[in-house]
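Asker:
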Amino acid sequence: MRLGYLASLVSLVSVALGCGSDPKPLGPTDQGKLLSTLEDLAAIGDKGAGTPGGQQAAQYIADRFTALKLADVHTEPFTFPRWELVSKAMTISIDGVPMQVGFDVFEASGSGVVDGEIVNVETATDAQLEGKDLTGKIALVIRDPSFHRSAQYRNVQRANAAAMLYLSIAPKNLRQVGSVRLDWEAAGSIPAITVGADDGAVIRDAVLAGKAVRAQIDVSVRSTPGTGTNVVARIPGERSEMIVMGAHFDTWFTGSADNGGGVAELLAIAERRKARGKPRYTLVFVAFDGEEIGLYGGYDYLRKHQIVGGEPVLAVLNFESPSAIDPDIAGLVHSNQPALDDALQAALLRQLYGVYAGLEVVAMLFGGIIPTDIQGIYRSGVPTVTTAATNDYYHTVEDTPDKVDLQLLADSADRFDTAIDNLMEYEPADFQVPDPKLWTADVRTTNAAMFTIDVDVRDGAGAPGIGARASATILTDDFMPVASVNAVTDANGHVQMLLPSTALTAGSGNRFLHVTAGPTYPLVEKILPLP
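In my numbering, the protein residues as written are 1 to 531.
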């Protein structure tokens with residue numbers, strides 16, 4: 001068991017005063033070094049997964065890990081379905097008068113030719129769309145920082161919309177881009193377009209005024225295999241059990257707040273931990289790729305190191321958009337796990353981030369997803385924490401280094417450094433206490449005429465997960481989806497799902513079965529390697 005909350009506070013004060021048993025007392029994280037990292041990454045520009053910029057960023061991070069003399073610095077490639085835009089066109093008219101509008105197409109948008117009426121659906125929540133039939137119509141959707149665009153896109157597709165027209169909320173009429181992948185699909189079924197807030201306001205005002213507002217949209221897309229690359233390094237500990245730290249480096253445009261700041265914090269903490277000498281537990285540092293388009297890097301690490309490798313991961317700390325100038329929300333969300341919660345609070349991270357809550361709240365608000373690399377890690381039951389700070393210039397061309405609050409970023413690095421000290425005081429068994437908000441699932445498979453998947457689901461209290469939504473997907477060649485099925489559990493929390501056995505021979509190998517279940521969104525995820 002840990003020494004206790006009071007001892008941790010004493011330890012924190014000792015570090016701040018430069019005293020205690022640490023042979024190399026460390027001062028505050030150098031804001032100049034953080035800025036230098038931000039500027040280096042910004043100079044690369046767009047760092048999309050599978051692009052030259054992404055490869056350059058991966059090499060930059062590997063070089064930084066090497067310069068810090070971390071051990072086992074290496075890259076881990078993975079294959080994913082890369083979405084490519086072939087062509088785009090859009091014309092909007094108000095009462096028959098054409099309107100000039102700049103626009104972009106969301107990553108994972110579907111192809112389609114649409115000529116339809118634009119209908120306002122606000123933020124496209126389930127309640128706002130209840131009973132609405134959008135067949136042949138274009139859904140006008142407003143960005144909501146608390147409800148993910150991929151969930152909005154899912155909802156308007158379910159309502160039979162012919163396309164989604166998304167209104168950004170960034171200043172200066174900047175268009176906010178991103179991905180609308182909700183699951184493992186390479187592309188959706190309808191076009192998804194984003195426009196700036198000023199243009200959007202004109203369109204929305206005209207719709208609300210009862211004017212005839214129409215759009216003609218023509219989008220063509222395709223999917224080809226792409227290669228992403230995680231960058232991994234470690235500081236070997238006295239024990240093999242691991243505390244993993246991560247941040248994604250792929251970005252839209254410059255991407256300084258999202259997520260150059262996270263990478264800068266990851267590197268700063270790696271430098272601090274290296275200066276402290278050999279830790280009790282092994283420390284692992286991962287720069288994730290492909291987060292922006294499907295959380296691929298986090299899932300790839302989970303599969304390779306825990307599902308297949310069986311490595312003893314005690315906890316995962318994720319630095320996702322940890323700092324921005326004047327954020328509306330600066331949050332830290334975490335598994336409801338006693339050891340992790342105690343370590344974070346004793347490091348005064350609750351005081352640094354105004355929103356401090358359980359990770360299940362994110363899934364509830366965001367339409368069932370946790371839009372950062374730890375989604376699968378969290379659902380699998382590993383104690384997990386991630387940061388998040390809103391940014392007015394999120395996913396725009398102006399998310400540049402000046403949008404990052406260096407003081408907040410440095411404070412976050414220092415306090416997470418202390419939280420790591422706190423975690424070192426726990427025994428491995430302490431990390432096994434489950435999060436009561438998460439569910440559990442027992443998955444069994446049989447391969448006969450059909451590939452049969454039997455799942456028994458229980459909630460956090462151990463009761464059968466009755467009427468839960470369950471899904472199963474087979475992916476091959478890392479992340480290429482080949483078959484999926486959805487079902488609902490029975491009165492015993494059991495469900496049987498069938499997939500064609502041919503899915504088990506698709507692709508060239510590296511196949512996995514992903515099973516999720518939960519009341520209305522996943523609260524458990526099981527991943528099984530397949531032959």
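For glycine and all other residues, C-beta sits at the position ideal for the given N, C-alpha and C.
Every value quoted in this text rests on a predicted model; they were computed, and no experiment measured them.
1. Whole angstroms are fine: how far does the CA of residue 41 sit from the CA of residue 56?
2. Here's the rule I'm using: 16 or more other beta-carbon atoms within 10 Å means buried, otherwise exposed. How should residue 164 be labelled?
3. Rounded to a whole number of angstroms, what is the C-alpha to C-alpha distance between residue 316 and residue 287?
4. Could you check what DSSP says for residue 378 in three-state terms: helix, strand or coil?
5. Hey, residue 465 and residue 489: beta-carbon distance below 7 Å or not?
6. Does the Cβ of residue 412 have 16 or more other Cβ atoms within 10 Å, making it buried, or fewer, making it exposed?
7. With a floor of 3 residues, list each beta strand (DSSP E) that falls wholly inside the stretch 197-258, ordered by position along the chain.
8. Below 8 Å on the Cβ atoms is my contact criterion, and I expect residue 175 with residue 103 to pass it. Report the Cβ-Cβ distance as a whole number of Å.
9. Tell me which residue opens and which closes the beta strand (DSSP E) that residue 358 is part of.
10. Just how far apart, CA to CA, sit residue 265 and residue 327?
11. Counting C-beta neighbours from all protein chains within 10 Å, is the total for residue 86 16 or more, i.e. buried, or is it exposed?
12. According to DSSP, what are the bridge partners of residue 422?
13. Please classify residue 278 as buried or exposed, where buried requires at least 16 neighbouring CB atoms within 10 angstroms.
14. Only counting the same chain, and skipping five residues up and downstream in sequence, which positions put a Cβ closer than 6 Å to that of residue 506?
15. Cβ atoms of residue 140 and residue 160: under 7 Å apart, would you say?
16. Three-state secondary structure (DSSP) at residue 496?
17. Which residue from 474, 517, 501, 479 puts its Cα closest to that of residue 495?
18. Rounded C-beta distance between residue 263 and residue 61? I'm assuming under 8 Å.
19. Consult DSSP for residue 516 and reduce its assignment to one of helix, strand or coil.
20. Quick check: what's the CA-CA separation for residue 196 versus residue 252?
21. For the putative contact between residue 191 and residue 217, defined by C-beta atoms under 8 Å, what is the C-beta separation to the nearest angstrom?
22. Specify the secondary structure class of residue 169 as computed by DSSP and reduced to three states.
23. By DSSP, does residue 524 sit in helix, in strand, or in coil?
24. Count the other CB atoms within 10 Å of the CB of residue 152; is the residue buried (16 or more) or exposed (fewer)?
25. Just to confirm my understanding: we take residue 187, look at its own chain, exclude 5 residues before and 5 after, and list those with CB closer than 7 Å. What are they?
26. Less than 7 Å separating the beta-carbons of residue 182 and residue 142?
27. Using C-beta distances below 7 Å, list every residue in its chain close to residue 171, excluding the 5 sequence neighbours before and after it, in chain order.
28. Between residue 520 and the rest of its own chain, which residues show a CB-CB distance below 6 Å, the 5 nearest in sequence each way excluded?
29. Nearest CA to the CA of residue 435: which residue from 493, 351, 340?
30. Out of 271, 459, 376, point me to the one whose CA is closest to residue 69's CA.
Answerer: To lay it out plainly:
1. Counting from 1 along the sequence shown, the entry for residue 56 is found at position 56. Counting from 1 along the sequence shown, the entry for residue 41 is found at position 41. If you take the alpha carbons of residue 56 and residue 41, they lie about 9 Å apart.
2. By 1-based counting over the sequence shown, the position of residue 164 is 164. By the neighbour-count rule (16 or more Cβ atoms within 10 Å), residue 164 is buried.
3. Taking the first residue of the sequence shown as 1, we reach residue 316 at position 316. Taking the first residue of the sequence shown as 1, we reach residue 287 at position 287. Taking the straight line from one Cα to the other gives about 13 Å.
4. For the purposes of this step, residue 378 is taken as the residue at position 378 of the sequence shown. If DSSP states are grouped into helix, strand and coil, residue 378 belongs with the helices.
5. By 1-based counting over the sequence shown, the position of residue 465 is 465. By 1-based counting over the sequence shown, the position of residue 489 is 489. Going by C-beta atoms, residue 465 is nearer than 7 Å to residue 489.
6. Numbered from its first residue, the sequence shown carries residue 412 at position 412. Label assigned to residue 412: buried.
7. 213-235, 239-248
8. Within the sequence shown, the letter at position 175 stands for residue 175. Within the sequence shown, the letter at position 103 stands for residue 103. Approximately 7 Å separates the beta-carbon atoms of residue 175 and residue 103; this is inside 8 Å, confirming the contact.
9. Indexing the sequence shown from 1 puts residue 358 at position 358. If you look at residue 358, you'll find it in the beta strand (DSSP E) that goes 355-358.
10. Counting from 1 along the sequence shown, the entry for residue 265 is found at position 265. Counting from 1 along the sequence shown, the entry for residue 327 is found at position 327. Near 18 Å, if we compare the C-alpha coordinates of residue 327 and residue 265.
11. On the sequence shown, residue 86 is found 86 positions in, with the first residue counted as 1. Flag for residue 86 reads exposed.
12. Working through the sequence shown from its first residue, we reach residue 422 at position 422. According to DSSP, which records beta bridges pairwise, residue 422 is partnered with nothing at all.
13. Your numbering for residue 278 matches position 278 in the sequence shown. Residue environment analysis places residue 278 among the exposed positions, since fewer than 16 neighbouring C-beta atoms fall within 10 angstroms of its C-beta.
14. As a first step, residue 506 is located in the sequence shown; it is residue number 506 there, counting from the start. Within the same chain, residue 506 has close Cβ partners 476, 482.
15. Working through the sequence shown from its first residue, we reach residue 160 at position 160. Working through the sequence shown from its first residue, we reach residue 140 at position 140. With a cutoff of 7 Å on beta-carbon distance, residue 160 and residue 140 are scored as not near each other.
16. Taking the sequence shown and counting its residues from 1, one reaches residue 496 at position 496. The answer is strand: DSSP assigns residue 496 an E or B state.
17. Taking the sequence shown and counting its residues from 1, one reaches residue 495 at position 495. For residue 495, the nearest C-alpha among the options comes from 517.
18. The residue given as residue 263 occupies position 263 in the sequence shown. The residue given as residue 61 occupies position 61 in the sequence shown. The pair is a contact, with the Cβ atoms about 7 Å apart (cut-off 8 Å).
19. Along the sequence shown, read from residue 1 onward, the residue named residue 516 stands at position 516. The answer is strand: DSSP assigns residue 516 an E or B state.
20. One-based indexing of the sequence shown puts residue 196 at position 196. One-based indexing of the sequence shown puts residue 252 at position 252. Near 16 Å, if we compare the C-alpha coordinates of residue 252 and residue 196.
21. By one-based count along the sequence shown, residue 191 stands at place 191. By one-based count along the sequence shown, residue 217 stands at place 217. Right, their Cβ atoms sit about 5 Å apart.
22. Taking the first residue of the sequence shown as position 1, residue 169 is located at position 169. Of the three classes helix, strand and coil, the one that applies to residue 169 here is coil, per DSSP.
23. By one-based count along the sequence shown, residue 524 stands at place 524. If DSSP states are grouped into helix, strand and coil, residue 524 belongs with the strands.
24. As a first step, residue 152 is located in the sequence shown; it is residue number 152 there, counting from the start. The residue is buried, with at least 16 neighbouring Cβ atoms inside 10 Å.
25. The sequence position of residue 187 within the sequence shown is 187, counting from 1. These residues qualify, in order along the chain: 83, 108, 109, 110, 221, 223.
26. Position 182 of the sequence shown, counted from the start, is the residue given in the question as residue 182. Position 142 of the sequence shown, counted from the start, is the residue given in the question as residue 142. No. Outside cutoff.
27. Here residue 171 corresponds to residue number 171 of the sequence shown, with the count starting at 1. Result list for residue 171: 392, in chain order.
28. On the sequence shown, residue 520 is found 520 positions in, with the first residue counted as 1. Excluding residues within five positions, none has a Cβ falling inside 6 Å.
29. Here residue 435 is taken as the residue at index 435 of the sequence shown, counted from 1. Nearest option by C-alpha distance: 340.
30. The residue you call residue 69 lines up with position 69 of the sequence shown. Each of 271, 459, 376 was checked against the Cα of residue 69, and the nearest Cα belongs to 271.
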